[in-house]
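In our numbering, the protein residues as written are 81 to 1270. Virtual Cβ for every residue (Gly too), placed ideally from N, Cα, C. Nothing here was measured: the structure is a model prediction, and the numbers come from that model.
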């Protein structure tokens, strides 16, 4: 039997277990509602069958006591034995198979006590005149009633204690006679430990204990199940240089000569002393890791918080030592310093500042001891923290316990009570550092509330504060983010959704972060919290967008944004979705937590993942990892020339310069939490040290890795002139050097190669300062799509077309950049109309008239060879988009490191290079020769899909909850994977044409050649490219949409058209037959009709998959599935008296498939009614309930 977290889909199985005794004990209950709102809901399964189920809450199972007041009620009526909200749960529902009720209930209690390590008591309130189930008599005991209190007030309170099911470990000093038990624990690590300590290391270690070195064992019923060795000597100086230990005063005791901050912060201290603490906003929240150690200040509006005067007095500090201040108020936010540890270092700030890093100086003695050895039987590993109280008692003068762990080792349950300290820039320390403060052993962690503010204190000292507001935009959030991946929305009242505005918690008490969240839920009567992270360019006038959840952010789960439908509002009229759903708001990344997630553990991955390249492949790889809700990655680092994309606000002109794949637009990037999970380092790869597993950047920064992921893609490069002697009037066939050489000279300041938005911004700034007001020429060199988008951007800047020259090199083998004659003609006409001068078949020969350029020299003219004569043009600025290839410095680093390169970095069918620690994907790569792939490589596929598949392939090596894949057989290892996502490209072309091309992945071949193939299918074309209403759709021989090409004067609904790819034309309202009947004169208007809006919905694909699964499932054991019958009809094994289609329709009706499909389709429309109000909503029919609909 296995015990797992319950899901709402268990409701049907759980309801079957409901019996009269359960009704007598718990009354009538709403099972789905209980499961959704439970602090912990578990199901005990025998195979796939649920045999027992329990629901536990953090408040009593009665309406007579409010969730926030039960502790006072219990203390007033019962001898409560020290129960608190932190160590208590209440059982609200428990059912099991009656013949094994007591045994199954005992298993559930044992599992709950094991999972909730701080849980001590499980209570059950039996209402008056209740006849309880048998398990209550055997597993519970009645609480003793206080004198004068009546148990008839609400009923009889029963308790189940941890000691009866999952007792704590008995911790004592190790003895020599424990050696035999300990040897069994260390079997897996025996060789490594023998090499480190000797053959009889355990006996010798036990015998060698002294005042500095202690060994402790944990026992259960006299049998040793765990071992911990501690030592009081810690090299705090080394750790302080390698890790951000400022919050813990460098693990040292206070000393008068300590230097904790640079001089720049002394002015901040003075500013604090000048603050009028009587002002209405001057409330100071003090978070300190130790008395007199590092402090954090938060100034909050008293009137808004509505705190009591006693609370204000406890929050206000007048005279103190300051190190690192954060001023935070609701009207104003200003960060004077960000010198706190871990996730407070948002984004790339910690690594991209090239100024000298400040290192505090601590003169005091060491204030820490370390754990040297630790091992425990996996059966008891959740009780690992029982050792901490004992070992802290051994060194009463030490406040910190530290432990270093290799990054590839899965995080132990013991370390969930520790604080993972982030390393400093350029740290080469080979392991991760964890710190535990002895104050975390204090269990009187209390939460006090006043209106919207909740203050946490321990022994009267404030250690945390949280601010809550009601979430007013929950309908917008539901419509734009996939929150229903985590909650059953219909089970929540609007008032139960809250916005977690601020959350600050002392790092010493970080182990209580989830309990603090539980208390916020309980005392605020909320069930679901949301937190928004706005982009860095966000305009914050209310002080609400500053990031203060760093201490708890990884306890929340990131929520994926949803792709939105582009609605034809004029056509829909009153049938359009409500305004608060379709009204555009500023983008933000969303985080979420609900009650049932507070006790859901996350797996921490310490493996150092270093991703090189912010390409679509690299960003997709990071996105896939970040949105694994059960994982938290401590070390995701991205190396990119300009850091993470999306740091600047969307700019139409800058976006026009670039071609786009529509994967990561500025709007999409604003909704993804890259900055809160990824450390971005600006720079280029200079050296790859495979033996030392580190990458050295061009500025000398050294980055360690356990897995290196190369996703640089290919970039436009500075072209290398052929250096032809123009005095000899050479032609293209007579040039002395190939134009494909790598340019290694000095790049003139007015030569631009645009690969990303930062390059465009630099070019735009230069144009504004040096070109727009002049009369000189701009030359664009290249025949790629990017050359045309650059021309359009220059025209948008107001540059006359007569000043623009488009110089196209000779066309290489293969189709043109448009691969569509109609579009090519329309763009040529637009260039001619704009006055742009176009030159064909030209190769760059010189700039500076062949003279050697010096740093700072501007290009004044450019020379080209052609097929007939030389061409020389005056030039004030040169834009180059000649060809894409791998950056030269990156190629040099890969080549010097010994990675196999053969026209691309060689990888196998699982993205692996010849180094098991180095992985690669995207246009950078090529397949190994053993695959005989020819021209097939990653350039043929969608980069976003490649990034997703790369992450999926690597995850089993990082996630301990996944099984490692078996080695591929020789037959399978020689096969290439199949990718299905379309390749997308688009941009704004001369003439103001919006261009979009969606195509099946594959080798790019000439369109005319494709159309001559016998199995090509058919093309549907409406409109004219020259008039800006061109729409071409290719439907293959199977009736599936395979290619979409659009050229329009109006902005395109890209998301809608992407949804059409891969659809069958019959699904699209019999598109093919209607088109050939002349009913569809305009495909743009056809796809604006309301019938197709459901297809554009982001969840329609899930519905399609659900219907396909249904068709392949046998509804009855003695009948075949609908899919099996269709296959037999195709193969001729089944003969139908009527037509095949009519036969299948009749079978679907007779066997119940039609009813099941109707139910799922109508449920889809009902669940997504806020997006699809234009559809009628008939009553839902009953279904066979094989699956839960999407």
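Determine the closest residue to residue i out of the options, with distance taken between C-alpha atoms.
i            : options                : result
residue 87   : 493, 506, 772, 568     : 568
residue 687  : 788, 641, 447          : 788
residue 882  : 552, 566, 913          : 913
residue 535  : 597, 961, 487          : 597
residue 905  : 96, 1127, 601          : 1127
residue 1115 : 1109, 1101, 1108, 1106 : 1101
residue 606  : 589, 573, 614          : 573
residue 668  : 917, 639, 944          : 639
residue 994  : 1003, 1009, 978, 1001  : 978
residue 942  : 1108, 510, 172, 806    : 806
residue 250  : 1070, 820, 460, 815    : 460
residue 796  : 1104, 850, 862, 259    : 862
residue 181  : 215, 728, 956          : 215
residue 1295 : 1077, 778, 1070, 497   : The structure shown does not extend to residue 1295, since the chain is modelled only from 81 through 1270, so no value can be given for it.
Could you spell out the range, first to last residue, of the beta strand (DSSP E) harbouring residue i?
i          : result
residue 64 : Residue 64 cannot be examined here, being either before or after the span of the chain that is shown, 81 to 1270.
The alpha helix (DSSP H) spanning residue i covers which residue range?
i            : result
residue 1205 : 1202–1211
residue 1189 : 1180–1191
residue 969  : 968–976
residue 28   : Since the first residue shown for the chain is 81 and the last is 1270, residue 28 is missing from the structure and cannot be characterised.
residue 694  : Premise fails: residue 694 is in no alpha helix (DSSP H) and is neither H nor E.
residue 90   : Per DSSP, residue 90 belongs to no alpha helix (DSSP H) and is neither H nor E.
residue 509  : It is not in any alpha helix (DSSP H) - residue 509 carries neither H nor E in the DSSP assignment.
Can you give me the Cβ contacts of residue i inside the same chain, cut-off strictly under 7 Å, excluding the 5 residues immediately before and after it?
i            : result
residue 261  : 303, 304
residue 1277 : No answer is possible for residue 1277: it lies beyond the span of the chain, which begins at 81 and ends at 1270.
residue 1197 : none
Please go through the same chain and pick out, in chain order, the residues whose beta-carbon is closer than 8 Å to the beta-carbon of residue i, but skip the five residues on each side of it.
i           : result
residue 91  : 111, 112, 115
residue 247 : 300
residue 187 : 81, 83, 124, 132
residue 773 : 784, 785, 786, 788, 997
residue 100 : none
Tell me which residues share the same chain as residue i and place their Cβ nearer than 6 Å to its Cβ, disregarding the 5 neighbours each side in the sequence.
i            : result
residue 864  : 897, 961
residue 989  : 1056, 1057
residue 422  : Residue placement at residue 422 is flagged as unreliable, the pLDDT there being 33, under the threshold of 50; a coordinate-derived value is accordingly withheld.
residue 518  : 472, 479
residue 352  : Here the model assigns residue 352 a pLDDT of 38, short of 50, so the residue's position is not dependable, and the following value carries that caveat. Counting only Cβ-Cβ distances below 6 Å, and skipping sequence neighbours, we find nothing.
residue 70   : Any property of residue 70 remains undetermined from this structure, which presents the chain solely from 81 to 1270.
residue 1031 : 701, 704, 705
Is any non-hydrogen atom of the ligand MG found closer than 7 Å to the C-beta of residue i, if you look at the structure I gave you?
i           : result
residue 503 : Here there are no bound small molecules, and the ligand MG is not part of this structure.
Are the segment 1071–1090 and the segment 1145–1152 touching, with three or more C-beta to C-beta distances below 8 Å?
-> The segment 1071–1090 is not in contact with the segment 1145–1152.
If you pair each beta-carbon of the segment 467–480 with each one of the segment 446–458, do three or more pairs fall below 8 Å?
-> yes
Could you give the uninterrupted runs of the alpha helix (DSSP H) lying entirely in the segment 883–965, keeping only those of 4 residues or more?
-> Every alpha helix (DSSP H) of 4 residues or more that sits fully in the segment 883–965 is shown, in chain order, as 901–914.
Should the segment 733–744 be regarded as contacting the segment 711–722, the criterion being three or more beta carbon pairs within less than 8 Å?
-> no
Which residue spans inside the segment 1039–1070 form an unbroken beta strand (DSSP E) run of at least 3?
-> List check, beta strand (DSSP E) in window: 1063–1069.
What are the uninterrupted segments assigned as alpha helix (DSSP H) that are 4 or more residues long and contained completely in the segment 604–662, given in chain order?
-> 649–652, 659–662
The segment 656–672 contacting the segment 100–109, beta-carbon criterion three pairs below 8 Å | no
Is it true that the segment 981–990 meets the segment 829–849, where meeting means three or more beta-carbon pairs spaced less than 8 Å apart?
-> no
Are the segment 933–947 and the segment 757–776 touching, with three or more C-beta to C-beta distances below 8 Å?
-> no
Is the segment 600–610 in contact with the segment 568–588, if contact means three or more CB pairs nearer than 8 Å?
-> Enough Cβ pairs lie closer than 8 Å, so yes.
Do the segment 741–758 and the segment 799–817 make contact, defined as three or more Cβ pairs closer than 8 Å?
-> Verdict: no, contact absent.
Can at least three beta-carbon pairs, one atom from the segment 159–167 and one from the segment 211–219, be found at a separation below 8 Å?
-> no
Counting only runs of 3+ residues fully inside the segment 786–814, write out the beta strand (DSSP E) ranges in chain order.
-> 787–790
Given 8 Å, three or more beta-carbon pairs between the segment 806–816 and the segment 825–833 = no
3-residue-minimum beta strand (DSSP E) runs that sit fully inside the segment 1093–1129, ordered along the chain = 1098–1102, 1109–1115, 1121–1128
Are the segment 543–563 and the segment 509–516 in contact at 8 Å, needing three or more beta carbon pairs?
-> no
Count the C-beta pairs between the segment 1195–1212 and the segment 1237–1252 that are closer than 8 Å, then say yes if the count reaches three, no if not.
-> No: fewer than three Cβ pairs fall under 8 Å.
Say whether the segment 1041–1048 touches the segment 842–850, bearing in mind that this needs 3 or more beta-carbon pairs closer than 8 Å, one atom from each stretch.
-> Under the Cβ criterion (8 Å, minimum of three pairs), the segment 1041–1048 does not count as touching the segment 842–850.
Runs of beta strand (DSSP E) wholly within the segment 695–748 (minimum 3 residues, chain order) | The qualifying runs are 711–713, 716–720.
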